[in-house]
Amino acid sequence: MTVEPQVLAIDLGTSGMKAALVAADGTVTGWAEREVKLHVLPGGGAEQDPRDWWDALAEVVADLGRAHPDHLRAITTICSSTQGEGTIPVDAAGEALTRCITWLDMRGARNLKEHFKGFPAKDGVAVRRIPRWLRLTGGMPSTTGKDPAAHMLYVRDELPEVYERTASFLNVLDWINLKLTGRTVATVDSILTSWVTDNRKPDDIHYDAGLVAASGIDRDKFPPIVACTEVIGEISREAAAHLGLPLATQVVAGAIDNTAAAVGAGTVADNQPHLYIGTSSWIAAHVRRKKTDVFAQIASVPCAVPDRYLMTALQATAGANLTWLRDKIVEYDDPLVGAGHVSRDEGSIFDAFDRILPTVPAGANGVVYTPWLYGERAPVDDPKLRAGFFNISLDTNRSDLLRAVFEGVAFNTRWLSAAVNRFLGAPVSSLVITGGGARSDAWCQIFADVLGVEIRRDARPVAVNARGAGWIGAVGAGLVTFPEISGLAKNDHCFAPDDTKRALYDDLFASYRTLHKQLAPVYRRLNA
């Protein structure tokens, strides 16, 4: 059997490790995954153990080998997509000194504000610092503490013995590449949220000496920066033995998840947006210019496509609301889930939900849900926001609550989309939807109705990050070019908005915005 060259595409998300075999035309052969535990700690901590990632990667590659031995033997390249904004201090030998401080971790917020304090201040950060960040990087450290700028200061201040031993602070992608090749690098997108780079020229992303000095972190603890498509080396002997792959396999640097998804969705042309629905969610599109909307927390940032930036508007929690609903509210011997005849497999939970959602009228019989389980990033940056159900009565049942959750995430996306329209300079009329949440037909239709736009579903939405990593790896290996990717992407269904629901959703969305305005001060007091 002759098999085209394959890219082993690694997709490491918050929920677990996945891997697939991807050809240059985007064909995904095989799929394997393992859950990875998230350690939620007091005080806003959220960590994962990198050793769990590495062990899970060996398991999923072994699964692929058993199911598709010919394709596994055809691997020439490895390329990764990972969750972003995690931080791992490693020593001179490349060993992790702590668990990964993930993008959900807010413990460094106090350390960040203490380091960057001054008068006058915005959200605890001296105003005088902000223009330089915006001019050079396109953004600034999140005062939620959820990005590496805060994570590193947390390690410096709270774990001084770890800081002293740290040779490099690595993002999740950087750590995977270190394990694969033994080489310590960061990519143009993985380094972004350290907020120490000059991003004004997309083909020349480099450290700015002033920003590095102001960061409070020693310069030698930042790794060298490479392009996402750069071949950073061949697989190391140790990694080859761990994964059962040949030593000649080359490793392409890869990208963090939102960068990879923008490629995997096929939305590589200018101003062509996609909506990703995973644990978190975002609307993203490649654009020509570096630009920042400081009010809506949206920026165009370095990405995988040469001479382009990626506009990214991020919601903190989207599919996480369903995970919470599944794990904390719905029991698996419950009739609610039994309606879908499902097991505990997460992939099939949407079958159950899709049976129930159409039985509840649009508007969830008046119940409104706010999906801010872990604060919010855009269009407002507020870690104190929390989720809630509103307008519950004696007539409300769990099916109403279920639909309200799906609609609440869609309302938040509509709120975000208004800022995206302003950023792009024209209303978005059509979106590619991708990510695990796109498996739900009912949710895709809810998004179309609430947003009032056409929703085109990725034909294999769960594989979007892996496919993106595969295509980035294929570009790095010279097997395909970025302009060719748009013609290779496939959609399986188009969901048109139902105009009969427009007035209802317009009214509910207005109530949603009112709830935010009135409750934000309450949440600030409750979560002080």
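Everything in the sequence shown is counted per the UniProt record's numbering, starting at 1 for the first residue and increasing by one.
Glycine residues also receive a C-beta, built at the ideal position from the N, C-alpha and C atoms.
Backbone secondary structure at residue i - three-state DSSP
i, result
"residue 152", "helix"
"residue 399", "helix"
"residue 225", "strand"
"residue 116", "coil"
"residue 235", "coil"
"residue 494", "strand"
"residue 339", "Residue placement at residue 339 is poorly supported in this model, since its pLDDT is 47, which falls under 50; the coordinates are not used for a value here."
"residue 485", "helix"
"residue 100", "strand"
"residue 270", "strand"
"residue 295", "coil"
"residue 4", "coil"
"residue 404", "helix"
"residue 436", "helix"
"residue 315", "strand"
Of the listed residues the options, nearest to residue i (C-alpha basis)
i, options, result
"residue 415", "380, 259, 401", "380"
"residue 101", "78, 79, 131, 155", "155"
"residue 197", "138, 103, 11", "138"
"residue 271", "278, 167, 279, 262", "262"
"residue 36", "11, 393, 194", "11"
"residue 280", "374, 169, 74", "374"
"residue 266", "447, 491, 150, 203", "491"
"residue 163", "221, 130, 401", "221"
"residue 500", "481, 388, 446, 157", "446"
"residue 141", "212, 456, 390", "212"
"residue 81", "177, 300, 63", "177"
"residue 505", "438, 425, 368, 461", "368"
"residue 241", "402, 507, 158, 61", "61"
"residue 50", "27, 16, 68", "16"
Exposure label - residue i; buried when at least 16 CB within 10 Å
i, result
"residue 496", "exposed"
"residue 244", "exposed"
"residue 423", "buried"
"residue 518", "exposed"
"residue 527", "exposed"
"residue 516", "buried"
"residue 449", "buried"
"residue 273", "buried"
"residue 558", "The requested residue 558 does not occur in the structure, where the chain is confined to residues 1 to 528."
"residue 332", "With a pLDDT of 47 at residue 332, under the threshold of 50, the modelled position of this residue cannot be trusted; read the value that follows with caution. Residue 332 is exposed by the Cβ-count criterion."
"residue 513", "exposed"
Contacting residues, own chain, Cβ-Cβ under 7 Å from residue i (five flanking each side not counted)
i, result
"residue 25", "488"
"residue 59", "34"
"residue 71", "3, 6, 21, 29, 30"
"residue 429", "453, 454"
"residue 108", "145, 150, 151, 153, 154"
"residue 346", "Unreliable positioning characterises residue 346 in this predicted model, as indicated by a pLDDT of 44, which lies under 50. The coordinate reading is nonetheless provided below. Around residue 346: no qualifying Cβ."
"residue 206", "197, 198, 225"
"residue 326", "349"
"residue 389", "367, 369, 401, 404"
Contacting residues, own chain, Cβ-Cβ under 6 Å from residue i (five flanking each side not counted)
i, result
"residue 258", "282, 284, 312"
"residue 190", "171, 173, 174, 256"
"residue 215", "196"
"residue 341", "Per-residue confidence for residue 341 stands at a pLDDT of 41, beneath the threshold of 50, marking its modelled position as unreliable; the derived number appears in the next sentence. Excluding residues within five positions, none has a Cβ falling inside 6 Å."
"residue 32", "19, 60, 63, 64"
"residue 287", "300, 309, 311"
Cβ-Cβ distance between residue i and residue j below 9 Å
i, j, result
"residue 181", "residue 236", "yes"
"residue 378", "residue 419", "yes"
"residue 464", "residue 303", "no"
"residue 277", "residue 318", "yes"
"residue 251", "residue 225", "no"
"residue 167", "residue 466", "no"
"residue 200", "residue 290", "yes"
"residue 249", "residue 230", "no"
"residue 147", "residue 193", "yes"
"residue 384", "residue 523", "yes"
"residue 294", "residue 134", "yes"
"residue 13", "residue 228", "no"
"residue 402", "residue 462", "no"
"residue 128", "residue 118", "yes"
"residue 260", "residue 86", "no"
"residue 103", "residue 84", "yes"
"residue 38", "residue 46", "yes"
"residue 434", "residue 264", "yes"
"residue 123", "residue 143", "yes"
Residue i: CB within 8 Å of a non-hydrogen atom of the ligand PLP
i, result
"residue 515", "With respect to the ligand PLP, the structure offers nothing, as it holds no ligand at all."
Other residues of its chain near residue i: CB distance less than 8 Å, five sequence neighbours each side excluded
i, result
"residue 232", "177, 181, 183, 185, 226, 251, 252, 253"
"residue 451", "410, 413, 414, 417, 431, 497"
"residue 110", "145"
"residue 91", "97, 165, 166, 167"
Residue-level contact to chain D via CB, residue i, 9 Å cutoff
i, result
"residue 99", "Absent from the structure: chain D. Only one protein chain is present."
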